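*Asks:* Position one of the sequence shown corresponds to residue 0 (numbering that gives the first Met the number 0), numbered consecutively onward.
Could you have a look at this structure, given as structure tokens, before my questions?
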Amino acid sequence: MHGPKEERVWHLLSTRQNVGLYFSFLIAGSWHT
């Protein structure tokens, strides 16, 4: 059994570097406001 949630988790794990950049971008944006 392979649900959509697991797919999202694996996708995030495989692209955790991009996720880190995304979060750092959000944090940087929040500092500007």
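Cβ atoms here follow ideal geometry from the backbone N, Cα and C, with glycine treated the same way.
Just so it is clear, the structure is predicted and the values come from calculations on it, not from any experiment.
1. From the DSSP output, in three-state form, read off GLY2 for me.
2. Rounded to the nearest angstrom, what separates GLU6 and SER29 at their Cα positions?
3. In angstroms with no decimal places, state the Cα-to-Cα distance between ILE26 and VAL8.
*Replies:* So, from the listed chains and residues:
1. coil
2. 29 angstroms
3. 22 angstroms
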